[in-house]
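Peer 1: Please read through the structure below; I'll follow up with questions.
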Ligand code: GDP
């Protein structure tokens, strides 16, 4: 950004090129309009079509969301079995409420999984004209600001949809009836007004044909759809014929979907933002370059820390992300000519559950000067030791780590980790993906440069809508690739 155009672009930056709406009270959510002071301007502009879809969605959310008359009427209609409620309201109210449909997002797994699946659920809601409501329990308290002006996205406490025990499922209703009895027309099919859909696939789960128009057509009739997911199922929205036109128009740049949607939806609360901005100002701001290292170990009892450390160092030094220490010359008296003139300060941000990674790296760089002369400082904001559930303070620390990683210039992430996906997506960074060690092995190459900042969709559809198996979907769609960290997964790039 040159000084000449910096003045003109201030407003643009603040609203992230029109991605964010104006009109919010800034003091209730400082991060919303301060993040641009911490992040380099994005290389990606949101399309005018995306911006108009977002502004329309915000209006719609206000009209049908919690606190609106339409919301009350819709909920009464669903929860009272008879149609008596029709008489209690004016005709117009009923007409409005009839247009309101809802998507209730339900959490599964850690914060990274939650954030990527909320982003996917939001796009699904936009495509299908549903209001997105998130089932945030106490463990999500104090993490995010409200994303939609003049309303809330939190499922109201008195909603009957906090549990879905007795609610019919997509698998039992739609798959069993629509798919098996193709000769039944949709009108002959009685669909419940509330339906639960589990999109939290694993390798073993059978195909659910969610990406198929005939099933999406059936879902249109359902007023409240409760979705449980930990997946970034955005690629499947591009695969669905009736959605693909809108998706392509909203996102002409396929590698920036989460980059836009994530920065649109997830604004750290003032509490989280205080921690992020203070840490950044104190340790990262004055560095010439910021290096983020995200070290996620999925099976810590089988994977020795030394093996992970060796892999990390091998990745960082062979790709010139970090310099080696000049061990032959601990006092640094005869540093190389290049080195003597190079006083570049690199700040390394380590995100890990374990304190040892930050400590090891820090003590390594205390042993002597680096062979390039660069000065390395190592910081690790937290070390929670293990993943904790039902703990919002723990989740805030996770958000702080993800956000700080996203403010780095260079990122090294761990294979398969959705925590890293969020950081790379926010930052629009193509990370270096560390090989996923499972035990004490050594591996070469230790890391690969990823092809895009998009999250990987780990369990994409395996069948065509006709029912025929498909080898790998990545090859049939433009800008869709096999993930480098998971052979089954697809990602946009
Ligand atoms: P994934 O399991 O790596 O895909 O990422 P998730 O975010 O879904 O789940 C991992 C959870 O473990 C996080 O949400 C945190 O609660 C915790 N966690 C893992 N790594 C870190 C880390 O580097 N820093 C912090 N603060 N928490 C972490």
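In the numbering used here, the protein residues as written are 7 to 499. We treat Cβ as the ideally placed atom computed from N, Cα and C, and that holds for glycine. Just so it is clear, the structure is predicted and the values come from calculations on it, not from any experiment.
State the DSSP-derived secondary structure class of residue 167, mapped to helix, strand or coil.
Peer 2: Sequence index remark: in the chain shown, residue 167 carries index 161 (1-based). Residue state, collapsed to three classes: helix.
Peer 1: Rounded to the nearest angstrom, how far is the Cβ of residue 402 from that of residue 149, given a contact under 8 Å?
Peer 2: Walking along the chain shown from the start, residue 402 turns up at place 396. Walking along the chain shown from the start, residue 149 turns up at place 143. Contact holds; Cβ gap of about 6 Å.
Peer 1: Give the range of the alpha helix (DSSP H) segment to which residue 3 is assigned.
Peer 2: Because the chain in this structure spans residues 7 to 499, residue 3 falls outside the shown range and cannot be described.
Peer 1: For the region 23–37 and the region 270–282, state whether three or more C-beta atom pairs, one from each stretch, are separated by less than 8 Å.
Peer 2: These segments touch.
Peer 1: From what residue to what residue does the alpha helix (DSSP H) around residue 85 run?
Peer 2: In the chain shown, counting from the first residue as 1, residue 85 sits at position 79. First-last of the alpha helix (DSSP H) with residue 85: 75–85.
Peer 1: Less than 7 Å between the beta carbons of residue 437 and residue 448, yes or no?
Peer 2: Numbered from its first residue, the chain shown carries residue 437 at position 431. Numbered from its first residue, the chain shown carries residue 448 at position 442. Not in contact: residue 437 and residue 448 (Cβ atoms no closer than 7 Å).
Peer 1: With a CB to CB cut of under 7 Å and the five nearest residues on each side skipped, what residues in its chain are close to residue 230?
Peer 2: Taking the chain shown and counting its residues from 1, one reaches residue 230 at position 224. Answer for residue 230: 84, 108, 110, 167, 199, 200, listed in chain order.
Peer 1: Starting from residue 353, trace the beta strand (DSSP E) in both directions and tell me its first and last residue.
Peer 2: If you number the chain shown from 1, residue 353 lands on position 347. Its beta strand (DSSP E) spans residues 351–358.
Peer 1: By alpha-carbon positions, which one of 113, 498, 306 ends up nearest to residue 391?
Peer 2: Reading the chain shown from its first residue, position 385 is the one you call residue 391. Closest option to residue 391, Cα to Cα, is 306.
Peer 1: Expressed to the nearest angstrom, what Euclidean distance is found between the alpha-carbon atoms of residue 299 and residue 387?
Peer 2: One-based indexing of the chain shown puts residue 299 at position 293. One-based indexing of the chain shown puts residue 387 at position 381. Near 12 Å, if we compare the C-alpha coordinates of residue 387 and residue 299.
Peer 1: Report yes if the CB atom of residue 479 is closer than 7 Å to the CB atom of residue 457, and no otherwise.
Peer 2: Locating residue 479 in the chain shown gives position 473, counting from the first residue. Locating residue 457 in the chain shown gives position 451, counting from the first residue. Going by C-beta atoms, residue 479 is not nearer than 7 Å to residue 457.
Peer 1: Does the beta carbon of residue 433 fall short of 6 Å from some heavy atom of ligand 1?
Peer 2: Within the chain shown, residue 433 is the residue found at index 427, counting from 1. Outside the cutoff, so no.
Peer 1: Nearest-angstrom Cα distance between residue 52 and residue 266?
Peer 2: Reading the chain shown from its first residue, position 46 is the one you call residue 52. Reading the chain shown from its first residue, position 260 is the one you call residue 266. Approximately 7 Å, taken between the alpha carbons.
Peer 1: Could you tell me the distance, in whole angstroms, from the CA atom of residue 104 to the CA atom of residue 467?
Peer 2: Sequence index remark: in the chain shown, residue 104 carries index 98 (1-based). Sequence index remark: in the chain shown, residue 467 carries index 461 (1-based). Roughly 32 Å separates the two Cα atoms.
Peer 1: Would DSSP call residue 484 helix, strand or coil?
Peer 2: Here residue 484 corresponds to residue number 478 of the chain shown, with the count starting at 1. Reduced to three states, the DSSP call for residue 484 is coil.
Peer 1: Could you please give me the residues that DSSP links to residue 300 through a beta bridge?
Peer 2: For the purposes of this step, residue 300 is taken as residue 294 along the chain shown, with counting starting at 1. Partner(s): 357.
Peer 1: CB-CB under 7 Å to residue 492, same chain, minus the five flanking residues each way: which ones, in chain order?
Peer 2: For the purposes of this step, residue 492 is identified with residue 486 of the chain shown, where counting begins at 1. Contacts found: 422, 462, 464.
Peer 1: In chain order, what residues of the same chain have a beta carbon less than 8 Å from the beta carbon of residue 313, not counting five sequence neighbours either side?
Peer 2: Reading the chain shown from its first residue, position 307 is the one you call residue 313. Excluding positions up to five away in sequence, the list reads 443, 445, 446, 447, 448.
Peer 1: Using the C-alpha atoms, what's the distance from residue 43 back to residue 384?
Peer 2: Here residue 384 refers to the residue found at position 378 when the chain shown is read from its first residue. Here residue 43 refers to the residue found at position 37 when the chain shown is read from its first residue. So the alpha carbons of these two residues sit roughly 23 Å apart.
Peer 1: Do residue 256 and residue 55 count as a contact pair if the criterion is CB distance below 7 Å?
Peer 2: Here the question's residue 55 lines up with position 49 in the chain shown. Here the question's residue 256 lines up with position 250 in the chain shown. Yes.
Peer 1: Measure the Cβ-Cβ separation of residue 377 and residue 352 and say whether it is below 7 Å.
Peer 2: In the chain shown, counting from the first residue as 1, residue 377 sits at position 371. In the chain shown, counting from the first residue as 1, residue 352 sits at position 346. Taking 7 Å as the Cβ cut-off, residue 377 and residue 352 do not qualify as a contacting pair.
Peer 1: Look at residue 434 and residue 41 and say whether their C-beta atoms are less than 7 Å apart.
Peer 2: Position 428 of the chain shown, counted from the start, is the residue given in the question as residue 434. Position 35 of the chain shown, counted from the start, is the residue given in the question as residue 41. Taking 7 Å as the Cβ cut-off, residue 434 and residue 41 do not qualify as a contacting pair.
Peer 1: Should residue 332 be labelled buried (16 or more other beta-carbon atoms within 10 Å of its own) or exposed?
Peer 2: Indexing the chain shown from 1 puts residue 332 at position 326. The residue is buried, with at least 16 neighbouring Cβ atoms inside 10 Å.
Peer 1: Cβ atoms of residue 428 and residue 118: under 7 Å apart, would you say?
Peer 2: Position 112 of the chain shown, counting from 1, holds the residue named residue 118. Position 422 of the chain shown, counting from 1, holds the residue named residue 428. Yes.
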